[in-house]
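Undergrad: Residue numbers (the UniProt record's numbering): 1 to 435.
Each residue gets a CB set at the ideal place from its N, CA and C atoms; glycine is no exception.
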């Protein structure tokens with residue numbers, strides 16, 4: 001560090017400090033800002049594609065388009081650092097658009113390599129000074145201008161905390177979906193407000209972050225969280241994508257939990273188009289994993305009617321039960337302890353414990369305490385249990401015998417699913433269960 005005494009005419013003396021390391025940091029930052037601005041304005045970017053694999057078929061379903069800045073001799077940098085700089089310069093919308101256009105132009109060639117069914121996921125960030133509605137409107141215009149197969153496109157909303165699900169934004173999403181575009185949200189958020197966020201039904205996919213995927217093990221807290229998210233999403237008709245999958249153990253646990261899609265280095269790192277043929281190499285990693293589709297007999301059993309529902313731990317509060325019932329149409333939730341169903345909570349039972357003022361400004365302290373009561377104080381411990389492999393042609397007999405609903409499906413002692421009266425009636429009417 002260097003210091004210099006300065007005095008200008010009519011001014012007091014000042015001391016100026018010079019720190020060579022800080023100077024180099026400022027100089028490097030300015031250089032990277034110039035690089036980001038130039039790369040975006042000239043569309044001098046690379047797009048790498050990471051496969052997203054369908055866990056039912058273990059085939060590539062789509063590719064996610066990811067930005068890459070071309071390396072330079074003068075500066076070493078990471079992609080995330082450059083994206084952060086683009087956000088600071090308020091250029092993230094232009095960056096997303098550039099990557100979107102380049103990937104849409106490449107989509108016909110990708111389909112030639114992998115088949116016409118292949119989709120493309122494009123990221124759009126809301127961390128911008130541009131209004132969210134304008135971002136979504138611009139996205140629709142981009143898709144209309146650069147592809148004739150919008151049904152192949154998924155828009156992944158990043159920095160989605162900036163999305164408040166207001167009517168104008170909801171209408172913009174609706175316009176995209178009316179063109180066949182599907183919508184993915186990249187985080188579940190924090191707090192119970194996220195339940196309402198998902199229940200608005202503007203989204204088709206939810207991506208589970210790598211934070212919850214890394215080193216996931218059966219019975220762990222991560223496993224319980226992911227299982228809860230999957231159950232909630234499936235009950236709302238939302239499919240789940242796990243990203244950042246890197247190990248065989250993670251694949252097996254996530255598959256057992258019912259994840260619909262996976263992506264990560266276990267399958268393939270993001271690849272430039274010139275190397276995209278290597279994306280199929282993940283098959284050799286599947287040798288130790290059961291990749292067979294569900295056996296046919298399961299499709300004729302009761303478990304096939306179960307499409308996923310959230311479940312509860314005995315110690316969880318009634319406030320969570322209320323949230324689940326508000327965002328799903330189910331009338332019953334199972335209470336699970338160590339994989340075993342120990343009770344059920346019915347919507348009508350919960351309603352008996354609630355008052356009109358609960359959840360309002362008129363709520364009393366006594367009423368507030370009710371929200372904190374654990375589920376095990378409310379659950380019913382006597383309920384119907386049926387073998388999960390019970391054939392569907394036994395339904396009429398079960399109903400004739402007045403077998404009480406809901407039906408908890410088990411394999412031995414292990415919980416496998418739950419069917420309500422509405423699920424069964426809709427099946428008998430030739431419709432899919434309403435979750």
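Could you give the residue range of the beta strand (DSSP E) that holds residue 68?
TA: Numbered from its first residue, the chain shown carries residue 68 at position 68. Run containing residue 68: 59–69, per the beta strand (DSSP E) assignment.
Undergrad: Who are the near neighbours of residue 128 in its chain, counting only those whose CB is closer than 6 Å to its CB and skipping five residues on each side?
TA: If you number the chain shown from 1, residue 128 lands on position 128. So the list reads 92, 93, once near-sequence residues are dropped.
Undergrad: Could you tell me the distance, in whole angstroms, from the CA atom of residue 280 to the CA atom of residue 349?
TA: Counting from one through the chain shown, the residue named residue 280 turns up at place 280. Counting from one through the chain shown, the residue named residue 349 turns up at place 349. Their backbone Cα atoms lie some 51 Å apart in a straight line.
Undergrad: Run through DSSP, which three-state label would residue 245 get?
TA: If you number the chain shown from 1, residue 245 lands on position 245. Looking at residue 245 - three-state DSSP - the assignment turns out to be coil, as it is neither helix nor strand.
Undergrad: With distance defined between alpha-carbon atoms, name the residue in 143, 115, 208, 168 nearest to residue 158.
TA: As a position in the chain shown, residue 158 is number 158, starting the count at 1. Among 143, 115, 208, 168, the Cα nearest to that of residue 158 is on 208.
Undergrad: Can you tell me the Cβ-Cβ gap for residue 398 and residue 408, rounded? I've got them flagged as a contact below 8 Å.
TA: Counting from one through the chain shown, the residue named residue 398 turns up at place 398. Counting from one through the chain shown, the residue named residue 408 turns up at place 408. About 13 Å; that fails the 8 Å criterion.
Undergrad: What residues in its chain sit with their C-beta under 7 Å from that of residue 301, if we drop five residues either side in the sequence?
TA: Indexing the chain shown from 1 puts residue 301 at position 301. 388, 389, 390, 391, 392.
Undergrad: Tell me whether residue 298 sits in a helix, a strand or coil according to DSSP, three-state version.
TA: Counting from 1 along the chain shown, the entry for residue 298 is found at position 298. Residue placement at residue 298 is flagged as unreliable, the pLDDT there being 48, under the threshold of 50; the coordinate-derived value follows with that caveat. Residue 298 falls in the helix class under three-state DSSP.
Undergrad: Under 9 Å, do residue 383 and residue 336 count as touching if we go by C-beta distance?
TA: By one-based count along the chain shown, residue 383 stands at place 383. By one-based count along the chain shown, residue 336 stands at place 336. No; because the gap between Cβ atoms is not below 9 Å, this pair is not in contact.
Undergrad: Please name the residue, chosen from 355, 322, 262, 369, that lies closest to residue 347 on a Cα-to-Cα basis.
TA: Working through the chain shown from its first residue, we reach residue 347 at position 347. Answer by Cα proximity: 322.
Undergrad: Would you report the Cα separation of residue 227 and residue 257, rounded to the nearest angstrom?
TA: Translated into the one-based positions of the chain shown, residue 227 becomes position 227. Translated into the one-based positions of the chain shown, residue 257 becomes position 257. C-alpha separation (whole angstroms): 6 Å.
Undergrad: Could you give the first and the last residue of the continuous alpha helix (DSSP H) run that contains residue 324?
TA: Taking the chain shown and counting its residues from 1, the one referred to as residue 324 is at position 324. Its alpha helix (DSSP H) spans residues 318–327.
Undergrad: What does the alpha-carbon distance come out to for the pair residue 112 and residue 236?
TA: Residue mapping note: residue 112 aligns to position 112 of the chain shown, counting from 1. Residue mapping note: residue 236 aligns to position 236 of the chain shown, counting from 1. Cα to Cα, residue 112 sits roughly 34 Å from residue 236.
Undergrad: Can you give me the C-alpha to C-alpha distance between residue 424 and residue 303, rounded to a whole angstrom?
TA: For the purposes of this step, residue 424 is taken as the residue at position 424 of the chain shown. For the purposes of this step, residue 303 is taken as the residue at position 303 of the chain shown. Approximately 11 Å, taken between the alpha carbons.
Undergrad: Could you check how far apart the C-beta atoms of residue 121 and residue 62 are, in whole angstroms? I think they sit under 8 Å.
TA: The residue given as residue 121 occupies position 121 in the chain shown. The residue given as residue 62 occupies position 62 in the chain shown. Confirmed, Cβ separation roughly 6 Å.
Undergrad: Quick one: what's got a C-beta closer than 8 Å to residue 427's C-beta in the same chain, skipping five residues either side?
TA: Stepping through the chain shown from its first residue, residue 427 is reached at position 427. Closer than 8 Å at the Cβ level, and outside the excluded window around residue 427, lie 305, 392, 395, 433.
Undergrad: Give me, in chain order, the residues of the same chain whose beta-carbon lies closer than 6 Å to that of residue 205; leave out the 5 immediate sequence neighbours on both sides.
TA: Position 205 of the chain shown, counting from 1, holds the residue named residue 205. Around residue 205: 184, 239, 241.
Undergrad: From 403, 354, 135, 287, pick the residue whose C-alpha is nearest to that of residue 123; which is it?
TA: Here the question's residue 123 lines up with position 123 in the chain shown. Among 403, 354, 135, 287, the Cα nearest to that of residue 123 is on 135.
Undergrad: Name the DSSP bridge partner or partners of residue 125?
TA: Position 125 of the chain shown, counted from the start, is the residue given in the question as residue 125. Note: residue 125 sits in a beta bridge opposite 158.
Undergrad: Beta-carbon within less than 8 Å of residue 248's beta-carbon, same chain only, minus the 5 sequence neighbours each way: which residues are those?
TA: If you number the chain shown from 1, residue 248 lands on position 248. Counting only Cβ-Cβ distances below 8 Å, and skipping sequence neighbours, we find 266, 285, 288, 289.
Undergrad: Got a sec? Which residues, its chain only, sit under 7 Å from residue 222 by beta carbon, not counting five neighbours each side?
TA: As a working mapping, residue 222 is identified with position 222 in the chain shown. Here the set comprises 212, 216.
Undergrad: Looking at the strands, I want to know which residues DSSP matches up with residue 184.
TA: What you label residue 184 is simply residue 184 of the chain shown in a count that begins at 1. For residue 184, which the question treats as bridged, DSSP gives the partners 156, 205.
Undergrad: With DSSP as the reference, identify every bridge partner of residue 46, one or two as the case may be.
TA: In the chain shown, counting from the first residue as 1, residue 46 sits at position 46. The partner list for residue 46 (beta bridge, DSSP) reads 68.
Undergrad: When the Cα of residue 317 is compared with those of 376, 354, 118, which residue comes out closest?
TA: Sequence index remark: in the chain shown, residue 317 carries index 317 (1-based). The option with the nearest alpha carbon to residue 317 is 376.
Undergrad: Am I right that residue 261 and residue 57 are in contact with their C-beta atoms under 8 Å? What's the rounded C-beta distance?
TA: Residue numbering aside, residue 261 sits at position 261 when the chain shown is read from its first letter. Residue numbering aside, residue 57 sits at position 57 when the chain shown is read from its first letter. With a Cβ gap of about 11 Å, residue 261 and residue 57 do not count as contacting.
Undergrad: Please confirm whether residue 32 and residue 81 have their CB atoms less than 9 Å apart.
TA: Within the chain shown, numbered from 1, the residue matching residue 32 stands at position 32. Within the chain shown, numbered from 1, the residue matching residue 81 stands at position 81. Yes; because the gap between Cβ atoms is below 9 Å, this pair is in contact.
Undergrad: Only counting runs of 3 or more residues, tell me where the beta strand (DSSP E) segments fall wholly within the segment 338–425, in order along the chain.
TA: 340–346, 384–387, 407–411, 414–419
Undergrad: Determine the direct distance from the alpha carbon of residue 143 to that of residue 125, and round the result to whole angstroms.
TA: Here residue 125 refers to the residue found at position 125 of the chain shown. Here residue 143 refers to the residue found at position 143 of the chain shown. Straight-line Cα distance between these residues: approximately 16 Å.
Undergrad: Output the distance between the C-alpha atoms of residue 170 and residue 202, rounded to the nearest integer angstrom.
TA: Taking the chain shown and counting its residues from 1, the one referred to as residue 170 is at position 170. Taking the chain shown and counting its residues from 1, the one referred to as residue 202 is at position 202. Looking at the two C-alpha atoms, the distance is approximately 7 Å.
Undergrad: Give me the Cβ distance between residue 67 and residue 45, rounded to the nearest whole Å; I'm assuming they're in contact under 8 Å.
TA: In the chain shown, the residue the question calls residue 67 occupies position 67. In the chain shown, the residue the question calls residue 45 occupies position 45. 6 Å between Cβ atoms; contact.
Undergrad: For residue 277, which residues in the same chain have their Cβ closer than 7 Å to its Cβ, ignoring the five residues on either side in sequence?
TA: Your numbering for residue 277 matches position 277 in the chain shown. The beta carbon of residue 277 lies closer than 7 Å to those of 113 in the same chain, with the five residues before and after it left out.
Undergrad: Can you tell me the Cβ-Cβ gap for residue 273 and residue 106, rounded? I've got them flagged as a contact below 8 Å.
TA: Locating residue 273 in the chain shown gives position 273, where the first residue counts as 1. Locating residue 106 in the chain shown gives position 106, where the first residue counts as 1. Going by Cβ atoms, the distance from residue 273 to residue 106 rounds to 6 Å, so yes, they are a contact pair.
Undergrad: Alpha carbon to alpha carbon, what distance is there between residue 369 and residue 361?
TA: Counted from its first residue, the chain shown places residue 361 at position 361. Counted from its first residue, the chain shown places residue 369 at position 369. Their backbone Cα atoms lie some 15 Å apart in a straight line.
Undergrad: Compute the distance between the beta-carbons of residue 313 and residue 174, then report whether it is under 9 Å.
TA: By one-based count along the chain shown, residue 313 stands at place 313. By one-based count along the chain shown, residue 174 stands at place 174. No, the pair does not count as a contact, with Cβ atoms beyond the cut-off.
Undergrad: Residue 148: which of 156, 342, 104 sits nearest, CA to CA?
TA: Stepping through the chain shown from its first residue, residue 148 is reached at position 148. That would be 104, whose Cα lies nearest to the Cα of residue 148.
Undergrad: Do residue 153 and residue 182 have their C-beta atoms within less than 9 Å of each other?
TA: Taking the first residue of the chain shown as position 1, residue 153 is located at position 153. Taking the first residue of the chain shown as position 1, residue 182 is located at position 182. Yes.
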